[in-house]
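In the working numbering, the protein residues as written are 2 to 352. Ideal placement from N, C-alpha and C gives every residue a C-beta, glycine not left out.
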Ligand SMILES: Cc1ncc(COP(=O)(O)O)c(C=O)c1O
């Protein structure tokens, strides 16, 4: 099988790259988070808490959840891997959306599952298409909301409609890695669906919480699925330093609101600057935007031009979107440089 495709983040020879290819946070962790890590270093000779007790209680408090149904992992990627291992056998079928998160296709290959896809017209997840693509033997349906790489948001009412239309024995996995970037309209969370027994919601500390390198994800699971999942999870995969950092970050919701505002401001700026160049930007509710260059050739030319100017963005051919590039929202000066460089490319563009 092919390995999960990570981006090449090197710039032209001798240049320090500005990496806008991995949807990482624009800023380093807060002083409060760094202090928590530093305080915990003195206990690093001990194994980490394999029950994530304090981290789960911090998450439960913020989201008003039952801590008993929260499971933490070494990134939400680990939770997805464990879920696929626990839940799927070779030749069973999963259904995802056309541009859904590619890592799920890697996992499906790993467990030998078959993947069906539902079309995403105009870069949007479409519930009726998902329902239409269901097969009698579909075992798991996977959606990302807001989506990666498109950045578009499906209203939670639509996800509830999807859940109601799925057979009871089909598991619905909703990956909400970017949920905290969504404006206030998102606040009809789906966690109650997990309590009904056949829906799993995953979230991460890698995006708005800015802890991608510490690898912490969490999910809200129905009890029976949680029990199966824990059998296949590595009990020590979330280090003690990662747990204290994630807990401190979760307890600082003021920083989350601030980060959401900062990213939204830069996202609006870059969206309109690129729109002014006559390029289409898919409206995003995340910390990245998808830009449509209309042809593969123009996207490749823009990619090379940006790269020659230190700016590393993400090509999208692997997602079946070779005419698009995905750009992570970063600091204001990085966004201004991106806009200026694309404007310069546009002036020279003959594609
Ligand atoms: C949709 C989506 N889900 C999950 C992840 C991975 O998150 P984590 O760092 O928690 O493993 C990413 C990372 O880019 C993502 O885009």
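Taking the C-alpha atoms as reference points, what is the distance between residue i and residue j?
{"i": "residue 192", "j": "residue 91", "result": "29 Å"}
{"i": "residue 22", "j": "residue 66", "result": "33 Å"}
{"i": "residue 219", "j": "residue 64", "result": "12 Å"}
{"i": "residue 144", "j": "residue 206", "result": "19 Å"}
{"i": "residue 39", "j": "residue 263", "result": "27 Å"}
{"i": "residue 47", "j": "residue 300", "result": "50 Å"}
{"i": "residue 277", "j": "residue 271", "result": "10 Å"}
{"i": "residue 35", "j": "residue 331", "result": "21 Å"}
{"i": "residue 139", "j": "residue 348", "result": "49 Å"}
{"i": "residue 87", "j": "residue 228", "result": "10 Å"}
{"i": "residue 69", "j": "residue 20", "result": "38 Å"}
{"i": "residue 52", "j": "residue 236", "result": "8 Å"}
{"i": "residue 183", "j": "residue 125", "result": "16 Å"}
{"i": "residue 204", "j": "residue 258", "result": "17 Å"}
{"i": "residue 28", "j": "residue 170", "result": "42 Å"}
{"i": "residue 249", "j": "residue 329", "result": "25 Å"}
{"i": "residue 162", "j": "residue 13", "result": "48 Å"}
{"i": "residue 240", "j": "residue 251", "result": "16 Å"}
{"i": "residue 45", "j": "residue 37", "result": "13 Å"}
{"i": "residue 326", "j": "residue 343", "result": "12 Å"}
Residue i: which of the options sits nearest, CA to CA?
{"i": "residue 117", "options": "102, 97 and 101", "result": "97"}
{"i": "residue 289", "options": "149, 134 and 83", "result": "149"}
{"i": "residue 338", "options": "318, 274 and 294", "result": "274"}
{"i": "residue 94", "options": "194, 108 and 158", "result": "108"}
{"i": "residue 175", "options": "132, 222, 260 and 214", "result": "222"}
{"i": "residue 226", "options": "211, 202 and 165", "result": "202"}
{"i": "residue 17", "options": "311, 281, 323 and 325", "result": "311"}
{"i": "residue 167", "options": "152, 156, 31 and 194", "result": "194"}
Are there any heavy atoms of ligand 1 lying less than 7 Å away from the beta-carbon of residue i, as far as the coordinates show?
{"i": "residue 146", "result": "no"}
{"i": "residue 58", "result": "no"}
{"i": "residue 213", "result": "yes"}
{"i": "residue 178", "result": "yes"}
{"i": "residue 49", "result": "no"}
{"i": "residue 10", "result": "no"}
{"i": "residue 24", "result": "yes"}
For residue i, count neighbouring C-beta atoms within 10 Å of its own C-beta (all shown protein chains included) and say buried if the count is 16 or more, exposed if not.
{"i": "residue 26", "result": "buried"}
{"i": "residue 85", "result": "buried"}
{"i": "residue 286", "result": "buried"}
{"i": "residue 233", "result": "exposed"}
{"i": "residue 56", "result": "buried"}
{"i": "residue 341", "result": "exposed"}
{"i": "residue 4", "result": "exposed"}
{"i": "residue 298", "result": "exposed"}
{"i": "residue 200", "result": "buried"}
{"i": "residue 316", "result": "buried"}
{"i": "residue 178", "result": "buried"}
Measure from the C-beta of residue i to each C-beta in chain D and report whether the shortest distance is under 8 Å.
{"i": "residue 214", "result": "Given the protein chain composition of this structure (a single chain), no chain D is represented."}
| task | Any chance you could list the beta strand (DSSP E) runs of at least 3 consecutive residues sitting entirely within the segment 151-190, in chain order? | result | 172-176
| task | Could I get the ranges of all uninterrupted alpha helix (DSSP H) runs contained in the segment 54-79, with 4 residues as the minimum, in chain order? | result | Complete alpha helix (DSSP H) runs here, min 4: 54-64.
| task | Tell me the start and end of each unbroken alpha helix (DSSP H) in the segment 186-216 that is at least 4 residues and wholly inside, in chain order. | result | Restricting attention to alpha helix (DSSP H) runs no shorter than 4 residues, the segment 186-216 encloses them at 192-196, ordered along the chain.
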